[in-house]
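Q: Reminder that position 12 of the sequence shown reads as 27 in the working numbering, one-by-one numbering, no gaps.
Cβ coordinates follow ideal geometry from the N, Cα and C atoms, glycine included.
Here the structure is a predicted model, which means the values were calculated and not measured.
Starting off with a structure, shown below.
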Amino acid sequence: MQEASDAAQSAMVSVIGLDAEKVQMLCDAANEEVNDENRVQIANYLCTGNYAVSGGIKGVEVVEAKAKSFKARMTVRLAVAGAFHTRFMEPAVSRLEAALAATEIRTPRIPVISNVDAQPHSDPATIKKILSRQVTSPVQWETTVKTLLGKGLKNSYELGPGKVIAGILKRIDKTASIENVSA
């Protein structure tokens with residue numbers, strides 16, 4: 016993924032304060048002003064009002080410039096190496112597929128909920144395919160969390176110094192329980 020990032024001038028930006036439909040309209044408006052190499056798309060559906068957009072640098076710059084006219088509260092450029100979860104990462108897929116082919120994945124005791132489709136998966140071959148797709152597919156975080164809550168998730172833990180996941184979880188479901196565990 017680092018090589019794919021280095022091969023293209025790309026970036027990511029958080030768009031705060033709009034619903035998914037408005038962020039898509041913002042991306043469409045930006046894409047009208049840039050060439051194919053700079054197109055943008057929603058790369059991460061975190062929660063209502065918080066989406067990450069990935070794409071070419073010029074496209075991201077247009078998103079940042081137009082966001083206020085779409086009534087976004089703010090944009091925040093993300094400190095990442097490239098346009099993750101988009102076609103910009105396509106060069107990394109074949110190498111990941113090769114690494115996964117050489118890796119044994121056993122049937123999990125608990126199904127894996129994929130961020131590609133927010134569905135549970137237990138078949139190792141399917142898990143490998145979906146992991147490869149994750150590189151270029153938007154992250155369906157909000158739907159994934161809703162799937163987990165719908166399947167009876169009662170307690171969650173956020174590992175690390177921040178409270179980003181806790182904040183997102185509470186925006187998805189105010190009654191959800193999450194505990195922060197830091198080192």
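Would you kindly report the start and end of the unbroken beta strand (DSSP E) that includes Q56?
A: That run of the beta strand (DSSP E) goes V55 to C62.
Q: Are there 16 or more other CB atoms within 10 angstroms of the CB of E18, so buried, or fewer, so exposed?
A: When all chains shown are included, E18 counts as exposed.
Q: Kindly indicate which three-state DSSP category A117 falls into: helix, strand or coil?
A: A117: coil per DSSP, three-state reduction.
Q: Can you name the start and end residues of the alpha helix (DSSP H) that R186 belongs to?
A: Segment V179 to I187, the alpha helix (DSSP H) holding R186.
Q: Taking the alpha carbon of V75 as the point to measure from, which residue in T190, L174, V55 and I128 has its own alpha carbon closest?
A: Of the candidates T190, L174, V55 and I128, the one whose C-alpha sits nearest the C-alpha of V75 is V55.
Q: What residue range does the beta strand (DSSP E) around L174 cover?
A: Taken as a continuous stretch (DSSP letters only), the beta strand (DSSP E) holding L174 covers N170 to L174.
Q: Measuring only the C-alpha atoms, how far is L33 from K81?
A: Distance between the alpha carbons of L33 and K81 is about 13 Å.
Q: Given 8 Å as the limit, is there contact between the segment 108-127 and the segment 31-50, that is, 3 or more CB pairs closer than that?
A: No, the segment 108-127 is not in contact with the segment 31-50.
Q: Does DSSP classify R148 as helix, strand or coil?
A: Looking at R148 - three-state DSSP - the assignment turns out to be helix.
Q: How would you label N50, buried or exposed, when you count the other beta carbons within 10 angstroms and need 16 or more for buried?
A: That one is exposed.
Q: Please list, in chain order, all residues of the same chain as L163 whose beta carbon is under 7 Å from its beta carbon, the five residues on each side excluded.
A: If we look at L163 and ignore the five residues flanking it on each side, its Cβ neighbours are I128.
Q: Please go through the same chain and pick out, in chain order, the residues whose beta-carbon is closer than 6 Å to the beta-carbon of P135, but skip the five residues on each side of it.
A: P126 and I128.
Q: Below 8 Å on the Cβ atoms is my contact criterion, and I expect T122 with S137 to pass it. Report the Cβ-Cβ distance as a whole number of Å.
A: With 8 Å as the limit, T122 and S137 qualify as a contact, their Cβ atoms being about 6 Å apart.
Q: Which two residues bound the contiguous beta strand (DSSP E) that contains G71?
A: Note, G71: beta strand (DSSP E), N65 to G71.
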